[in-house]
Amino acid sequence: MANRYFDEKDHSTLYQKYMFSPPESIQEMIYSYLKEKIDEPFGLAVDVGCGTGKSTRLLANYFHKVVGIDDSEAQINVAKQFSMKPNVSFCVCSAEALPFQDASVDLVTASVSAHWFDLEKFLKEVRRVLKPNGCLAVHCFNEDMDLHYENDPSERLAGILPEVWYFLRNIHPNGYAVIKSKYKDIFNAIPFPEKQIYTNIPDILPLSLPEVMGFIESACTYQYYFRQNSEAAKGFLEKTNERILEAIEGLPKEGQFELRKTHVCVLARKPLIN
Numbered sequence: 001m002a003n004r005y006f007d008e009k010d011h012s013t014l015y016q017k018y019m020f021s022p023p024e025s026i027q028e029m030i031y032s033y034l035k036e037k038i039d040e041p042f043g044l045a046v047d048v049g050c051g052t053g054k055s056t057r058l059l060a061n062y063f064h065k066v067v068g069i070d071d072s073e074a075q076i077n078v079a080k081q082f083s084m085k086p087n088v089s090f091c092v093c094s095a096e097a098l099p100f101q102d103a104s105v106d107l108v109t110a111s112v113s114a115h116w117f118d119l120e121k122f123l124k125e126v127r128r129v130l131k132p133n134g135c136l137a138v139h140c141f142n143e144d145m146d147l148h149y150e151n152d153p154s155e156r157l158a159g160i161l162p163e164v165w166y167f168l169r170n171i172h173p174n175g176y177a178v179i180k181s182k183y184k185d186i187f188n189a190i191p192f193p194e195k196q197i198y199t200n201i202p203d204i205l206p207l208s209l210p211e212v213m214g215f216i217e218s219a220c221t222y223q224y225y226f227r228q229n230s231e232a233a234k235g236f237l238e239k240t241n242e243r244i245l246e247a248i249e250g251l252p253k254e255g256q257f258e259l260r261k262t263h264v265c266v267l268a269r270k271p272l273i274n
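As structure tokens, this is what we get:
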């Protein structure tokens, strides 16, 4: 992968605690697509850029073997701590040099990670390791997410998160042009003739305020900012927390936040004749 943004142990711990897992709707979409292309039981799934293994572990019930890979040793160390499934393993390696034999993999996935890869090299490896009719699934959340508060008709929170991401993205824009395009660049680069893209898969996630702040803090854009100027980054996080509290002032404190977001998912099948 073309980044070293997840090497710190503290960041990996934050990522495991606060970064959300892919929604069930995407998991169901992937499995339905795969079942149309190959017969069960499914053999090997590879989760590339797996981070702390949140998306990897979701594959365990559907495959004989699941391997999560990431080039961050810190992320993999955390992933191993939370791995309770005997058919799930993790290793430190690159998305651009997959350690698997030719035509040996049923499914390659990349959850909130493909925008960091050297895309040409990654897709070359995907073509090599997938079995004929094997599938590729890459997915990510979109930038257009809003924060809402229970029983708040004013929607005073709605603009805060877009402003947060705009600020952080401009400090560290690498990879975010791909997210902004809703993975259309990745879709266009996939060399397989059969491919599909779904750009606005809705999801609503209930969160507490500490979870909202933890989600922001776990983002690689914030961590990049923190490494460049820790005091300014802390101040930015504190100010964001204050803005949220001001927006819900006077509302019942027992109310819950909702993170309303959409996801993009790209699915593709390797042809029988490569």
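Counting in UniProt numbering, the final residue of the sequence shown is number 274, and the numbers go up one at a time with none missing.
Glycine included, each C-beta is placed from N, C-alpha and C at the ideal position.
**OP:** Taking only runs that begin and end inside the region 65-144, name each unbroken alpha helix (DSSP H) of 4 or more residues, in chain order.
**Re:** 73-81 and 119-129
Subject >> Nearest-angstrom Cα separation, counted from S154 out to L259 >> reply: Numbered from 1 along the sequence shown, position 259 holds the residue referred to as residue 259. Numbered from 1 along the sequence shown, position 154 holds the residue referred to as residue 154. Cα to Cα, L259 sits roughly 16 Å from S154.
Subject >> Coarse secondary structure for A60, derived from DSSP in three states >> reply: Residue 60 sits at position 60 when you count from the first residue of the sequence shown. Residue state, collapsed to three classes: coil.
**OP:** Label D39 either buried or exposed according to how many other C-beta atoms from any shown protein chain fall within 10 Å of its C-beta, with 16 as the threshold for buried.
**Re:** Counting from one through the sequence shown, the residue named residue 39 turns up at place 39. Here D39 is exposed. Its C-beta has fewer than 16 other C-beta atoms within 10 Å.
Original post:
For S111 versus H139, is the C-beta distance shorter than 8 Å?
Top reply: The residue given as residue 111 occupies position 111 in the sequence shown. The residue given as residue 139 occupies position 139 in the sequence shown. Yes, the pair counts as a contact, with Cβ atoms nearer than the cut-off.
Original post:
In three-state terms, what does DSSP make of A158?
Top reply: To locate residue 158, count along the sequence shown from 1; it is residue 158. DSSP places A158 in coil when its eight states are reduced to three.
Original post:
Do V48 and I69 come within 8 Å of each other at the CB atom, strictly closer than that value?
Top reply: Your numbering for residue 69 matches position 69 in the sequence shown. Your numbering for residue 48 matches position 48 in the sequence shown. Going by C-beta atoms, I69 is nearer than 8 Å to V48.
Subject >> Continuous alpha helix (DSSP H) stretch holding Q196: start and end >> reply: Counting from one through the sequence shown, the residue named residue 196 turns up at place 196. First-last for Q196: E194 to L207, but that is the beta strand (DSSP E), not the alpha helix (DSSP H).
Subject >> Separation of P271 from P193, as counted between CA atoms >> reply: Here residue 193 refers to the residue found at position 193 of the sequence shown. Here residue 271 refers to the residue found at position 271 of the sequence shown. P193 and P271 have their C-alpha atoms some 8 Å from each other.
**OP:** Name the residue from L130, E36, L251 and V266 whose alpha carbon lies nearest to the alpha carbon of Q101.
**Re:** Translated into the one-based positions of the sequence shown, residue 101 becomes position 101. Out of L130, E36, L251 and V266, L130 has the C-alpha closest to the C-alpha of Q101.
**OP:** Return the CA-CA distance between Y149 and L205, expressed in angstroms with no decimal places.
**Re:** Residue mapping note: residue 149 aligns to position 149 of the sequence shown, counting from 1. Residue mapping note: residue 205 aligns to position 205 of the sequence shown, counting from 1. In a straight line, the C-alpha of Y149 is about 12 Å away from that of L205.
Subject >> Exposure label - S32; buried when at least 16 CB within 10 Å >> reply: What you label residue 32 is simply residue 32 of the sequence shown in a count that begins at 1. S32 should be labelled exposed.
**OP:** Following the continuous beta strand (DSSP E) through E258, name the residue where it begins and the one where it ends.
**Re:** Taking the sequence shown and counting its residues from 1, one reaches residue 258 at position 258. F257 to R269 is the span of the beta strand (DSSP E), which, as asked, contains E258.
Subject >> Contacting residues, own chain, Cβ-Cβ under 6 Å from T109 (five flanking each side not counted) >> reply: In the sequence shown, residue 109 corresponds to position 109, counting from 1. Correct list, in chain order: D47 and A137.
Original post:
According to the neighbour-count rule (16 or more other Cβ atoms, all chains shown, within 10 Å of its Cβ), is Q81 buried or exposed?
Top reply: Mapped onto the sequence shown, residue 81 falls at position 81. So Q81 ends up on the exposed side.
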